[in-house]
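K.L.:
Take this structure first; my questions come after.
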Amino acid sequence: MAAVQTRSERALNRVAIAAVLIITLIFLAPIYWITSTAFKPRNLATTIPPTVLFEPELSPFVKLFTKRSQLRGAPTPEEYAAAPWWERMVFDGGEKIVRSGRGEVQPSGYPNRFMNSLIVAITSTVLAVGMGTFTAYGFSRFKVKGEADLLFFILSTRMLPPVVVAIPMFLMYRVVGLNDTHGGLIILYTAFNLSFSVWLMKGFIDEIPKEYEEAALVDGYTRMEAFFKIVIPEAATGIAATAVFCFITAWNEYAFALIMTNRRAQTAPPFIPSQVGSGLPDWTVIAAGTFLFLLPVAIFTFLLRNHLLRGMSFGAIRK
Numbered sequence: 341m342a343a344v345q346t347r348s349e350r351a352l353n354r355v356a357i358a359a360v361l362i363i364t365l366i367f368l369a370p371i372y373w374i375t376s377t378a379f380k381p382r383n384l385a386t387t388i389p390p391t392v393l394f395e396p397e398l399s400p401f402v403k404l405f406t407k408r409s410q411l412r413g414a415p416t417p418e419e420y421a422a423a424p425w426w427e428r429m430v431f432d433g434g435e436k437i438v439r440s441g442r443g444e445v446q447p448s449g450y451p452n453r454f455m456n457s458l459i460v461a462i463t464s465t466v467l468a469v470g471m472g473t474f475t476a477y478g479f480s481r482f483k484v485k486g487e488a489d490l491l492f493f494i495l496s497t498r499m500l501p502p503v504v505v506a507i508p509m510f511l512m513y514r515v516v517g518l519n520d521t522h523g524g525l526i527i528l529y530t531a532f533n534l535s536f537s538v539w540l541m542k543g544f545i546d547e548i549p550k551e552y553e554e555a556a557l558v559d560g561y562t563r564m565e566a567f568f569k570i571v572i573p574e575a576a577t578g579i580a581a582t583a584v585f586c587f588i589t590a591w592n593e594y595a596f597a598l599i600m601t602n603r604r605a606q607t608a609p610p611f612i613p614s615q616v617g618s619g620l621p622d623w624t625v626i627a628a629g630t631f632l633f634l635l636p637v638a639i640f641t642f643l644l645r646n647h648l649l650r651g652m653s654f655g656a657i658r659k
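Per this note's numbering, residue 341 is the first one in the sequence shown, and the count goes up by one each step.
Dropping the structure here:
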């Protein structure tokens, strides 16, 4: 009987492992497809059946960071030989780099949009996590009248789909002059991430024993000193986990960035789909922009991976 149970357990383990591998491959397939397309020549991006084996090239990234126009006629051998290696890649695709009257290469709008995404996502994450931590500490350590109602009201702001308030917010922003500004997007992203930050941080702070702070207060610490020297270090894993999710939400946001911005403060998500080639969408350029756009989130999550894993299990076992 024991042998039969052991065999059945082994079979279930194998089935579970196979299921995990299949699910992992399904989730990684789009990432692989975006990454491979970002290094493909344009003529191989939409082949049927799809081209899996190819010689990688950097022309999509050259096109992503430079302005280009349709090439009228083939370049002369002298022009082709005098052009830098990266410009020859654009020649091979039937396009040319746009230059100023002084011969300077004209950059595309992607670097500015990418920087806008960094500014807005990082600033809104810091504000949301910072204010959320202070608010969660107040709810966790002090008796607040109507606490349950207040917490539900804070959470209810997260229930509202952003697209529902997009038009009213656009009209209000236009009146106060916040359209197409970094500050406008930062305020919006902070407001939508704040409820998530408060609820998540309250769970973490509730798990920190109050006795730690009481001992610090007895030793002469002020409430604020106890907060920064006792609570913050203990809640570091929770802060890291909250920051990751807030950053991802702000980094990937599309609707508000599309409606509230036009050029000056536009972020990368609404800009990447606008990258089209001559006549037809250049999917290699779009994939290159998407690939670079994924890197900051991947790096940020990788750097905080230990805190993130611990933060997700923090508070699972109560005393």
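Quick reminder that beta carbons are idealized off the backbone N, C-alpha and C, glycines included.
Of all the beta strand (DSSP E) runs that stay within the bounds of the region 572-611, which reach a length of 3 or more residues?
P.N.:
With a minimum length of 3 residues, no continuous beta strand (DSSP E) run stays inside the region 572-611.
K.L.:
From the DSSP output, read off the bridge partner residues of Q446.
P.N.:
In DSSP, Q446 forms no bridge with anything.
K.L.:
The alpha helix (DSSP H) spanning K542 covers which residue range?
P.N.:
Unbroken alpha helix (DSSP H) run through K542: H522 to D546.
K.L.:
In or out: M512 buried (at least 16 other Cβ within 10 Å) or exposed?
P.N.:
Looking at its Cβ environment, which holds fewer than 16 other Cβ atoms inside 10 Å, M512 is exposed.
K.L.:
On the criterion of 16 or more Cβ atoms from any shown chain inside 10 Å, does A369 qualify as buried, or is it exposed?
P.N.:
It counts as exposed.
K.L.:
Please state if the CB of P502 and the CB of I596 are separated by a distance shorter than 8 Å.
P.N.:
According to the sequence displayed, residue 596 carries Phe and not Ile. Yes; because the gap between Cβ atoms is below 8 Å, this pair is in contact.
K.L.:
What residue range is occupied by the uninterrupted alpha helix (DSSP H) comprising E565?
P.N.:
That run of the alpha helix (DSSP H) goes R563 to A566.
K.L.:
In the DSSP assignment, the alpha helix (DSSP H) including E551 goes from what residue to what residue?
P.N.:
It spans K550 to V558 - the alpha helix (DSSP H) in which E551 sits, taken as one unbroken run.
K.L.:
So does K407 have its beta carbon nearer than 7 Å to some heavy atom of the ligand NAP?
P.N.:
Although the ligand NAP was asked about, the structure shown includes no ligands whatsoever.
K.L.:
Buried or exposed: A342, going by 16 or more other Cβ atoms within 10 Å of its Cβ?
P.N.:
Confidence in A342 is poor, its pLDDT being 48 and thus under 50, which makes the residue's placement too unreliable to answer from.
K.L.:
Considering only C-alpha positions, which residue in the set T375, T391 and S348 is nearest to L635?
P.N.:
Among T375, T391 and S348, the Cα nearest to that of L635 is on T375.
K.L.:
At the level of alpha carbons, what is the spacing between N452 and Y594?
P.N.:
The alpha-carbon atoms of N452 and Y594 are separated by roughly 17 Å.
K.L.:
Which residues in the same chain as H647 place their Cβ atom closer than 6 Å to its Cβ, once the five residues preceding and following it in sequence are excluded?
P.N.:
Once the five neighbours on either side are set aside, the close Cβ partners of H647 are T577 and A580.
K.L.:
My guess is that K403 and V430 are in contact by the Cβ rule of under 8 Å, so how many angstroms apart are they, rounded?
P.N.:
Contact flag correct, Cβ pair sits at about 6 Å.
K.L.:
What's the C-alpha gap between W539 and I494?
P.N.:
Cα to Cα, the separation comes out at about 9 Å.
K.L.:
Would you mind stating whether S464 and N533 have Cβ atoms separated by less than 8 Å?
P.N.:
Yes, the pair counts as a contact, with Cβ atoms nearer than the cut-off.
K.L.:
Alpha helix (DSSP H) containing K403: first to last residue?
P.N.:
Segment S399 to F405, the alpha helix (DSSP H) holding K403.
K.L.:
Just reading off the alpha helix (DSSP H) that I626 is part of, what are its end residues?
P.N.:
Run containing I626: W623 to L643, per the alpha helix (DSSP H) assignment.
K.L.:
According to DSSP, is E395 helix, strand or coil?
P.N.:
Coil, per DSSP.
K.L.:
Do you know offhand how far I572's Cα is from S496's?
P.N.:
The alpha-carbon atoms of I572 and S496 are separated by roughly 27 Å.
K.L.:
Roughly how many angstroms lie between the CA atoms of R498 and A358, to the nearest whole one?
P.N.:
In a straight line, the C-alpha of R498 is about 36 Å away from that of A358.
K.L.:
Indicate the three-state DSSP secondary structure (helix, strand or coil) for I363 in the structure shown.
P.N.:
Residue state, collapsed to three classes: helix.
K.L.:
Under the rule that 16 or more other beta-carbon atoms within 10 Å means buried, what is P609, buried or exposed?
P.N.:
So P609 ends up on the buried side.
K.L.:
Give every residue of the same chain whose Cβ lies closer than 6 Å to the Cβ of F633, excluding the five residues on either side of it in the sequence, and list them in chain order.
P.N.:
Excluding residues within five positions, the ones whose Cβ falls inside 6 Å are A608.
K.L.:
Quick check: the Cα distance between D559 and Y552, rounded to an integer number of angstroms?
P.N.:
Using only the alpha carbons, I get a separation of about 11 Å.
K.L.:
Tell me E435's beta-bridge partners as DSSP assigns them.
P.N.:
E435 is bridged to Q410.
K.L.:
Is the region 474-489 close to the region 621-631, with three or more CB pairs under 8 Å?
P.N.:
With the cut-off at 8 Å, the region 474-489 and the region 621-631 do not touch.
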